[in-house]
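S.K.:
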Amino acid sequence: MNQTNQSSEVRVRFAPSPTGPLHIGGVRTALYNYLFARKMGGKMLLRIEDTDQNRFVPGAEDYIIEALNWVGIQIDEGQSVGGPDAPYRQSERKGIYQKEAFRLVNEGKAYYAFDTPDELDAMRARLEAANAPAAQYNAITRMQMKNSLTLPPADVQARMDAGEPYVIRLKTPHKEEVRLNDLIRGWVNVHSSAIDDKVLLKSDGLPTYHLANVVDDHLMKITHVIRGEEWLPSAPLHVLLYRYLGWEDTMPQFAHLPLLLKPEGNGKLSKRDADLGNFPVFPLQWNDKETGNVARGFREDGYLPAALVNFLAFLGWNPGTEQELFSMDELIEAFSIEKIQKGGARFDIDKAKWFNHQYIRQVADSELAPRIQMDAQAAGFDCSLEKAAKIAALLKERVNFAGDIFPEARTIFYTPDTYDETIRATKWNDDAQRAVGAFRDALRAYEGDFVAENIKHTLSEAMQQAGIKQGKIMQAMRLALTGSGTGPDLMLTMEIIGRDETLVRLHQALERLN
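Numbering (our numbering), first residue to last: 598 to 1111.
1) Would you call the region 710-727 and the region 769-788 in contact, with 3 or more CB pairs under 8 Å?
2) Could you tell me which of Phe-1010, Ala-910, Tyr-734 and Ser-963 sits nearest to Asp-979, measuring between CA atoms?
3) Whose C-beta lies closer than 6 Å to the C-beta of Ala-904 among residues of the same chain, with five residues either side of it excluded?
4) Rounded to whole angstroms, what's the CA-CA distance from Arg-1109 to Arg-968? Just pull it up for me.
5) Thinking C-beta only, is His-821 closer than 8 Å to Val-607?
6) Would you mind sorting Glu-1050 into buried or exposed? The rule is 16 or more other CB atoms within 10 Å of its CB.
7) Return the CA-CA distance between Ala-731 and Tyr-708, expressed in angstroms with no decimal places.
8) Between Gln-970 and His-1054, what straight-line distance do the alpha-carbon atoms span, to the nearest angstrom?
9) On the criterion of 16 or more Cβ atoms from any shown chain inside 10 Å, does Ala-813 qualify as buried, or is it exposed?
10) Just mark Pro-615 as buried or exposed, buried being the case when its beta carbon has 16 or more other beta carbons within 10 Å.
11) What is the C-beta distance between His-620 and Phe-879, in whole angstroms, given that I count them as a contact (C-beta under 8 Å)?
12) List the whole-angstrom C-beta distance separating Leu-701 from Tyr-841, where the pair is believed to meet the contact cut-off of C-beta under 8 Å.
13) Quick one: Cα of Met-637 to Cα of Asn-778, how far?
14) Distance check for Glu-663 and Ile-670, CA to CA, integer angstroms please.
15) For Ser-745, count neighbouring C-beta atoms within 10 Å of its own C-beta (all shown protein chains included) and say buried if the count is 16 or more, exposed if not.
16) Which residue from Pro-613, Gly-622 and Gly-656 puts its Cα closest to that of Phe-944?
17) Could you tell me the distance, in whole angstroms, from the CA atom of Asn-890 to the CA atom of Leu-881?
18) Shortest alpha-carbon distance to Lys-948 belongs to which of Leu-922, Leu-928 and Ile-1065?
19) Do the CB positions of Pro-613 and Ile-661 come within less than 8 Å of each other?
20) Over the uninterrupted alpha helix (DSSP H) stretch that includes Tyr-1114, give me the two end residues.
21) My parser needs the alpha helix (DSSP H) runs of 4 or more residues fully inside the region 791-821; what are they?
22) What distance in whole Å lies between the Cβ atoms of Ala-627 and Phe-653, which are believed to be in contact at a cut-off of 8 Å?
23) Do Thr-1083 and Pro-1013 have their CB atoms nearer than 8 Å?
24) Rounded to whole angstroms, what is the Cα-Cα separation between Asn-735 and Ala-729?
25) Is Leu-816 closer than 8 Å to Val-775 when the C-beta atoms are compared?
26) How about Ile-648 and Pro-804: do their beta carbons lie closer than 8 Å?
27) Using three-state DSSP, classify Asn-599 as helix, strand or coil.
28) Quick one: what's got a C-beta closer than 7 Å to Arg-686's C-beta in the same chain, skipping five residues either side?
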C-alpha cells in the first residue's frame, strides 16, 4: 500500500463527535480503523471532535470510550489514554486552528466574512428565485457579499477592532478540477464550482470540522483516513485544504466506507428502522438525561462483544473465503481495505442473532451460570451455580442470548400443569401408560447416582422388562415429564430436576393423563 504521510508508521484515527450515543455505524468505522492499524503494525488514535458546542451532549464522550472498550477496540493514543499530541479534545486545541486559519487569510487563500444570518438567507433566496444551480456562498456569489474581498482593508480592520462578528471562509478556486484517489472507490473528480466557500473558523473562534480534522490529521501524522461514505462529498474540500496549507505531499490516503442500509436494503439505517424492527442501533444503552428516553443497546440486549464485532466486520467487508466466525486476531490477520465493498451493506439483525448464537455456544457453562441463577432467583426459585451450569450445558445450543436460557428452562423449574393436547391425542396410549408406570417403579427402586447415563440405563432396562419398544414411547415420556412433546435431552433434564421431582412428575402424569 502506498504511503503518503511523513511517518513510515501507519497511523489511523477514530474521531467521533460527542453529540449523543455512538451509532453502530460509528462502531464499524472504529473497528475497520482498528483492524487496519493492527494488520499494518500501526497505531490507532481516538480524537473527540467537539467543536460544535451547540450540539454537545454531556456524557456522550464517556459513552464513546465505554463502547469502544466493551467491543475490544484498544486505543493506542488519544482521549482516555493520552499521548504525544495531546490534547485530543478539539475544543482544547482552539489556538492551533486559529493560527492556521489566520495564516490562510494572510496568504490570500481564505478571507474574513461579516455577513449576518439575515444577509445569508437573503442571498440564498435571491439565488433560488433566479433558479441558480446551487444557492451557496462560492467563487461567484462571494463578490456580492460583505467580506474582506469586497470591503476596503480599512473597513475590514475597523469592523474587527469594533468586535463585529465574523467567520473565516475558504477561498475556493473558480475553475479547477479537484482529484482524489480513494482506496475503496478509485478516482473521484469534482469541479471546484461544486465546492462552496466553507466556513473554516466560526464566529465563536472555534473551527469547523473541515479545518480542525485536516489540521489535526496533519499534526498527528495520520496516514490513512478511514471514515463513512457521508464524508465523501467533503473530501475534495479537504484535498484543497491540504494544498492551501502546504501539506499536500503528506496528505493521508482516504477510504470512504459503504453505508449501513435499512434491513430491506433501501436507504440509510436509522433509529426509526430500529424501533420499527425491534432491534438496537447503539452499542450500549443510552439514557437521555434531558428527555428521559432510553435507547436500547446491543450489550443490554444480550449480544456478546465478540459476536457483535464479527457481525459488524462483515457489513461491507468479506474475507473471500467460506469462513464466517472470526476472533479479533483472525479478523486482523484477514482484513484488508481492498476487500471492502463500494455498495451499501444491508443491516440484517437476524444475522446478528445468528452470530450471537454461535458465540453463546462457545461460552463456558460456568460463565453463563451466574446469569441463569440470577434470573431463576428473580422468578422465585432456588438455583445453585452447579445446577445453573448444568442448565447452560443443556440449553445454550438452543438459544441466541444468555437471557433466553431461563425462559427456555421453564420445564425444569415448573412442574407441568397442562399437557400438549396434540401429543396427548397421538402418543398417550396403553403402551405409554405402562412405560411411564414401569419407569417410575424402576426409579423408586434405584439407589445409584442420579445422572443422565444411569437414568438412561435404568429406562432402557425398565422398557426391556416391560416388553415395550423404547423409541415408540419417548415422546409420551417427555410429555409426562415436561408437558411438551419437544425439548432438550430428556436424560439430562431429569438429572437437573432430580430424582424426587422426576418421580412426582411421572406419578402426576399417570393421574392426570389417564
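Glycine included, C-beta positions come from ideal geometry on N, C-alpha and C.
M.R.: Reading it off the structure:
1) By the C-beta criterion, the region 710-727 is judged not to be in contact with the region 769-788, since fewer than 3 inter-stretch pairs fall below 8 Å.
2) To locate residue 979, count along the sequence shown from 1; it is residue 382. Nearest to Asp-979 by C-alpha distance, out of Phe-1010, Ala-910, Tyr-734 and Ser-963, is Phe-1010.
3) Counting from one through the sequence shown, the residue named residue 904 turns up at place 307. Excluding sequence neighbours, Ala-904 sits near Phe-952, Asn-953 and Tyr-956.
4) Position 512 of the sequence shown, counted from the start, is the residue given in the question as residue 1109. Position 371 of the sequence shown, counted from the start, is the residue given in the question as residue 968. When rounded, the distance between both Cα atoms is 34 Å.
5) Counting from 1 along the sequence shown, the entry for residue 607 is found at position 10. Counting from 1 along the sequence shown, the entry for residue 821 is found at position 224. Yes, they are a contact pair.
6) Indexing the sequence shown from 1 puts residue 1050 at position 453. By the 10 Å Cβ count, Glu-1050 comes out exposed.
7) Residue 731 sits at position 134 when you count from the first residue of the sequence shown. Residue 708 sits at position 111 when you count from the first residue of the sequence shown. So the alpha carbons of these two residues sit roughly 21 Å apart.
8) As a working note, residue 970 is residue 373 in the sequence shown. As a working note, residue 1054 is residue 457 in the sequence shown. Here the alpha carbons of His-1054 and Gln-970 stand approximately 30 Å from one another.
9) Here residue 813 refers to the residue found at position 216 of the sequence shown. Reading the sequence as shown, one finds Asp at residue 813 and not Ala. Answer is buried; the Cβ neighbour count reaches 16.
10) As a working mapping, residue 615 is identified with position 18 in the sequence shown. So Pro-615 counts as buried.
11) Stepping through the sequence shown from its first residue, residue 620 is reached at position 23. Stepping through the sequence shown from its first residue, residue 879 is reached at position 282. With 8 Å as the limit, His-620 and Phe-879 qualify as a contact, their Cβ atoms being about 7 Å apart.
12) Taking the sequence shown and counting its residues from 1, one reaches residue 701 at position 104. Taking the sequence shown and counting its residues from 1, one reaches residue 841 at position 244. That belief holds up - the Cβ atoms of Leu-701 and Tyr-841 are roughly 6 Å apart, short of 8 Å.
13) Taking the first residue of the sequence shown as 1, we reach residue 637 at position 40. Taking the first residue of the sequence shown as 1, we reach residue 778 at position 181. Going from the Cα of Met-637 to the Cα of Asn-778 covers about 20 Å.
14) Taking the sequence shown and counting its residues from 1, one reaches residue 670 at position 73. Taking the sequence shown and counting its residues from 1, one reaches residue 663 at position 66. Cα-Cα distance, rounded: 10 Å.
15) Walking along the sequence shown from the start, residue 745 turns up at place 148. Classification of Ser-745: buried, given that the 10 Å Cβ count is 16 or more.
16) The sequence position of residue 944 within the sequence shown is 347, counting from 1. It is Gly-622 whose Cα lies nearest to the Cα of Phe-944.
17) Position 293 of the sequence shown, counted from the first residue, corresponds to residue 890. Position 284 of the sequence shown, counted from the first residue, corresponds to residue 881. Rounded to whole angstroms, Asn-890 to Leu-881 spans 14 Å at the Cα level.
18) The residue given as residue 948 occupies position 351 in the sequence shown. Minimum Cα distance to Lys-948 is reached at Leu-922.
19) In the sequence shown, residue 613 corresponds to position 16, counting from 1. In the sequence shown, residue 661 corresponds to position 64, counting from 1. Result yes, Cβ atoms of Pro-613 and Ile-661 sit closer than 8 Å.
20) Residue 1114 falls outside the range modelled here, since the chain spans only 598 to 1111, and no answer is possible.
21) 806-816
22) On the sequence shown, position 56 is the one that residue 653 refers to. On the sequence shown, position 30 is the one that residue 627 refers to. The pair is not a contact, with the Cβ atoms about 20 Å apart (cut-off 8 Å).
23) The residue labelled residue 1083 in the question sits at position 486 within the sequence shown. The residue labelled residue 1013 in the question sits at position 416 within the sequence shown. Result no, Cβ atoms of Thr-1083 and Pro-1013 do not sit closer than 8 Å.
24) As a working note, residue 735 is residue 138 in the sequence shown. As a working note, residue 729 is residue 132 in the sequence shown. Using only the alpha carbons, I get a separation of about 12 Å.
25) In the sequence shown, the residue the question calls residue 775 occupies position 178. In the sequence shown, the residue the question calls residue 816 occupies position 219. Taking 8 Å as the cut-off, the Cβ atoms of Val-775 and Leu-816 do not count as close.
26) What you label residue 648 is simply residue 51 of the sequence shown in a count that begins at 1. What you label residue 804 is simply residue 207 of the sequence shown in a count that begins at 1. A small correction: the amino acid at residue 648 is Thr; Ile does not occupy that position in the sequence shown. Closer than 8 Å, so yes.
27) Here residue 599 corresponds to residue number 2 of the sequence shown, with the count starting at 1. Since pLDDT at Asn-599 reaches only 39, below the 50 mark, its modelled position is unreliable, and no value is offered.
28) Here residue 686 corresponds to residue number 89 of the sequence shown, with the count starting at 1. Same-chain partners within the cutoff: Ile-645, Asp-647 and Gln-676.
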